[in-house]
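Each residue of the sequence shown is one higher than the one before, counting from 106 in our numbering.
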Amino acid sequence: MRGWRLPRRQFEPAIHRHLPAVARALGTTEGWAMLLFLETPHESLDGRSPRTALEQGEAERVIDLAGTEGTGER
(Lines of atoms letter the chains of each structure in order from A; the text may use other names.)
(Lines give C-alpha, C1' and ligand atoms only; values in the text may rest on other atoms or scores of the structure.)
Protein backbone atom coordinates (compact mmCIF):
# COMPACT_ATOMS: atom_id res chain seq x y z
CA MET A 106 0.00 0.00 0.00
CA ARG A 107 1.42 3.40 -0.92
CA GLY A 108 1.10 6.61 1.00
CA TRP A 109 1.78 5.46 4.55
CA ARG A 110 4.25 3.44 6.50
CA LEU A 111 3.93 2.16 10.02
CA PRO A 112 6.92 0.55 11.71
CA ARG A 113 6.27 -3.19 11.65
CA ARG A 114 8.13 -3.65 14.93
CA GLN A 115 5.51 -1.49 16.63
CA PHE A 116 2.71 -3.99 15.99
CA GLU A 117 2.23 -7.68 16.62
CA PRO A 118 2.68 -9.65 13.38
CA ALA A 119 -0.88 -10.99 13.68
CA ILE A 120 -2.38 -7.58 12.85
CA HIS A 121 -0.21 -6.70 9.83
CA ARG A 122 -2.57 -8.37 7.36
CA HIS A 123 -5.54 -6.36 8.67
CA LEU A 124 -3.98 -2.90 8.31
CA PRO A 125 -4.92 -2.43 4.62
CA ALA A 126 -8.59 -3.23 5.38
CA VAL A 127 -8.57 -0.84 8.35
CA ALA A 128 -7.07 1.89 6.14
CA ARG A 129 -9.75 1.34 3.48
CA ALA A 130 -12.50 1.49 6.10
CA LEU A 131 -11.07 4.67 7.62
CA GLY A 132 -10.74 6.19 4.17
CA THR A 133 -7.15 7.27 4.72
CA THR A 134 -3.65 6.06 4.08
CA GLU A 135 -2.13 8.77 6.28
CA GLY A 136 0.14 7.16 8.85
CA TRP A 137 -0.61 9.47 11.78
CA ALA A 138 -4.38 9.05 11.30
CA MET A 139 -3.95 5.27 11.27
CA LEU A 140 -1.75 5.35 14.36
CA LEU A 141 -4.19 7.58 16.24
CA PHE A 142 -7.10 5.27 15.38
CA LEU A 143 -5.18 2.10 16.31
CA GLU A 144 -3.91 3.40 19.65
CA THR A 145 -6.98 5.23 20.99
CA PRO A 146 -9.17 3.19 23.37
CA HIS A 147 -12.79 3.03 22.24
CA GLU A 148 -16.02 2.43 24.15
CA SER A 149 -17.39 0.07 21.52
CA LEU A 150 -14.34 -2.16 22.04
CA ASP A 151 -14.93 -2.37 25.79
CA GLY A 152 -12.38 0.36 26.43
CA ARG A 153 -9.63 -1.36 24.45
CA SER A 154 -7.70 0.17 21.60
CA PRO A 155 -8.33 -1.15 18.08
CA ARG A 156 -4.75 -2.42 18.12
CA THR A 157 -5.44 -4.56 21.20
CA ALA A 158 -8.72 -5.82 19.72
CA LEU A 159 -6.89 -6.80 16.51
CA GLU A 160 -4.24 -8.61 18.54
CA GLN A 161 -7.07 -10.50 20.27
CA GLY A 162 -8.57 -11.63 16.96
CA GLU A 163 -11.42 -9.15 16.58
CA ALA A 164 -10.57 -7.83 13.11
CA GLU A 165 -14.17 -7.64 11.88
CA ARG A 166 -15.21 -5.56 14.87
CA VAL A 167 -12.28 -3.16 14.38
CA ILE A 168 -12.93 -2.80 10.65
CA ASP A 169 -16.60 -2.05 11.35
CA LEU A 170 -15.55 0.61 13.86
CA ALA A 171 -13.10 2.09 11.36
CA GLY A 172 -15.94 2.28 8.84
CA THR A 173 -18.15 4.23 11.23
CA GLU A 174 -15.33 6.62 12.17
CA GLY A 175 -13.91 7.04 8.69
CA THR A 176 -15.12 7.79 5.22
CA GLY A 177 -13.95 4.67 3.40
CA GLU A 178 -15.31 1.24 2.50
CA ARG A 179 -16.34 -1.47 4.91
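Think of the CB as a built atom: it goes at the ideal place given N, C-alpha and C, for glycine as much as any other residue. From a predicted model like this one, the values you see are computed outputs, not experimental measurements.
C-beta contact flag for residue i and residue j at 8 Å
i: Thr134; j: Ala128; result: yes
i: Leu170; j: Pro155; result: yes
i: Ile168; j: Ala138; result: no
i: Gly132; j: Thr173; result: no
Inter-residue spacing [alpha-carbon to alpha-carbon] between residue i and residue j
i: Met106; j: Gly136; result: Here Met106 scores only 47 on pLDDT, less than 50, and its place in the model is too uncertain to base an answer on.
i: Gly162; j: Leu140; result: 18 Å
i: Arg153; j: Leu124; result: 17 Å
i: Asp151; j: Thr157; result: 11 Å
Supposed close pair residue i, residue j - CB separation, criterion 8 Å
i: Ile120; j: Glu160; result: 6 Å
Residue span of the alpha helix (DSSP H) that contains residue i, given as start and end
i: Leu150; result: Counting along the chain, Leu150 falls outside any alpha helix (DSSP H), and DSSP gives it neither H nor E.
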